[in-house]
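Step one of this worksheet: look at the structure below.
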Amino acid sequence: MRRKIVAGNWKMNGSLKSNEALLDALKKASIPNNVDVIIFPPYPYLIQAQMNLQSSAIKAGAQNLSISEGGAFTGEIAGNMIKDIGCNYVLVGHSERRTLYGETSAIVAQKTAAAIKQQLTPVLCIGETLAEREAEQTQNVLTEQLQAVIEHCGIEIFSKLIIAYEPVWAIGTGKTASPEQAQAVHAFIRCFIAKSDAKIAALVQVLYGGSVKASSAKALFEMPDIDGGLVGGAALDATEFTAIISAAS
Ligand code: PGA
98 MRRKIVAGNW
108 KMNGSLKSNE
118 ALLDALKKAS
128 IPNNVDVIIF
138 PPYPYLIQAQ
148 MNLQSSAIKA
158 GAQNLSISEG
168 GAFTGEIAGN
178 MIKDIGCNYV
188 LVGHSERRTL
198 YGETSAIVAQ
208 KTAAAIKQQL
218 TPVLCIGETL
228 AEREAEQTQN
238 VLTEQLQAVI
248 EHCGIEIFSK
258 LIIAYEPVWA
268 IGTGKTASPE
278 QAQAVHAFIR
288 CFIAKSDAKI
298 AALVQVLYGG
308 SVKASSAKAL
318 FEMPDIDGGL
328 VGGAALDATE
338 FTAIISAAS
């Protein structure tokens with residue numbers, strides 16, 4: 098039985114003051130026993146979230162990490178630093194990293210390996226653009242993104258990570274994939290992994306991301322291959338995010 102996960106990607110939003118209010122509101126929410134909740138604040142606020150959430154079931158993670166372990170890499174953050182402040186999760190390969198900052202599937206595979214080396218759980222983000230979907234390239238794009246990780250890290254790594262399927266056309270656009278559209282892709286992802294290892298494929302958690310709202314969450318999370326959500330905009334609103342958490346229980 099795969100546990101449900103609701104993850105909140107804060108992206109480049111927040112301040113000490115606004116985070117405090119959001120974290121306090123989230124701590125007051127009741128977290129169902131069968132749901133894991135993880136938030137991903139910007140780096141400068143990670144320790145604020147980590148300390149604030151110490152007595153809470155909610156976990157904090159980082160939005161990105163370096164492929165390097167330390168040294169002369171100005172502006173980079175190493176996985177062991179994320180681990181050092183007590184965090185256990187990190188996003189890798191978010192579509193904004195891939196499209197705006199040139200992260201190729203090969204780099205994303207190296208970041209996945211770097212995370213695992215530090216015993217962090219990577220949330221590996223994959224997904225196609227609108228043009229790719231319209232050209233019926235969705236499965237090819239996902240295959241390339243997954244294959245790069247399999248080739249660099251081996252299939253066993255999929256027993257130590259979480260996948261987030263995020264169609265780029267649904268991110269921040271208000272256009273959620275329909276539960277059936279998302280389910281079809283999630284089933285494809287699971288089948289693709291099953292070709293290498295059926296046991297790992299059955300256990301890997303695959304989250305859906307892209308304009309998830311409280312109003313759309315339940316129908317998505319009820320789909321057999323959707324194990325929760327990676328939530329952007331709606332994760333900044335405590336009422337909305339709490340309702341999404343409830344929808345996963
Ligand atoms: P969104 O973002 O919910 O605002 O579409 C999701 C994400 O980018 O992870």
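Residues 98 to 346 (this note's numbering) are what the sequence shown spells out, left to right. For each residue, glycine too, the CB sits at the ideal point set by N, CA and C.
Buried or exposed: which applies to residue i, given that a residue is buried once 16 or more other Cβ atoms fall within 10 Å of its Cβ?
i: E253; result: exposed
i: N161; result: buried
i: L227; result: exposed
i: P219; result: buried
i: A298; result: buried
i: T273; result: buried
i: V172; result: For the record, residue 172 in the displayed sequence is Gly; it is not Val. Answer is exposed; the Cβ neighbour count stays below 16.
i: F255; result: buried
i: L113; result: exposed
i: V170; result: With the sequence shown as reference, residue 170 is identified as Phe, and Val is not the correct amino acid for it. Counting Cβ neighbours within 10 Å, F170 comes out exposed, since fewer than 16 surround it.
i: T270; result: exposed
i: S313; result: buried
i: A295; result: exposed
i: A118; result: exposed
Do you know whose CA, among the options, lies nearest residue i's CA?
i: I144; options: L123, C250, L119, D181; result: D181
i: Y142; options: N116, H249, E248; result: N116
i: A316; options: S293, A332, A279; result: A279
i: G224; options: E277, Y186, I297, E241; result: E241
i: A281; options: I204, G183, A206, Y305; result: Y305
i: D350; options: W266, G271, V309, Y262; result: Residue 350 falls outside the range modelled here, since the chain spans only 98 to 346, and no answer is possible.
i: A175; options: F285, W266, Q207; result: Q207
i: T133; options: E166, Y186, D294, G190; result: One detail in the question is off: residue 133 reads as Asp in this sequence, not Thr. Comparing Cα positions, the closest option is Y186.
i: H283; options: L300, T270, G271; result: L300
i: P129; options: A118, R100, M148; result: R100
i: L188; options: T209, I102, N177; result: T209
i: K243; options: A126, W266, G190, K214; result: According to the sequence shown, residue 243 is Leu rather than Lys. Per the Cα distances, G190.
i: W266; options: E231, A245, S293, C250; result: E231
i: K257; options: M148, F318, V303; result: V303
i: G251; options: E229, L221, S293, C222; result: S293
i: N177; options: A126, M148, Q215; result: Q215
i: R98; options: N131, S127, R194, A126; result: For the record, residue 98 in the displayed sequence is Met; it is not Arg. The residue with the shortest Cα to Cα distance from M98 is N131.
Between residue i and residue j, which are expected to be in contact by the criterion C-beta below 8 Å, what is the C-beta distance as a whole number of angstroms?
i: G307; j: I260; result: In fact, because the Cβ distance is near 14 Å, the residues do not count as touching under 8 Å.
i: I179; j: L150; result: Not confirmed; about 15 Å, so no contact.
i: A146; j: A157; result: 4 Å
i: A331; j: I341; result: 6 Å
i: P276; j: M320; result: 5 Å
i: A311; j: A345; result: Rounded, the Cβ-Cβ distance is 11 Å, inconsistent with contact.
i: I164; j: I204; result: 7 Å
i: C184; j: A212; result: C184 to A212, Cβ: 11 Å. No contact.
i: A245; j: S202; result: 4 Å
For the stretch 137 to 149 against the stretch 106 to 119, are there 3 or more C-beta pairs whose distance is under 8 Å?
yes
Per the contact definition of three or more C-beta pairs closer than 8 Å, is the stretch 325 to 333 in contact with the stretch 274 to 289?
no
Three-pair Cβ contact test at 8 Å for the stretch 334 to 344 versus the stretch 118 to 135
yes
Answer yes if the stretch 181 to 199 comes into contact with the stretch 233 to 240, meaning at least three C-beta pairs across the two stretches below 8 Å, and no otherwise.
no
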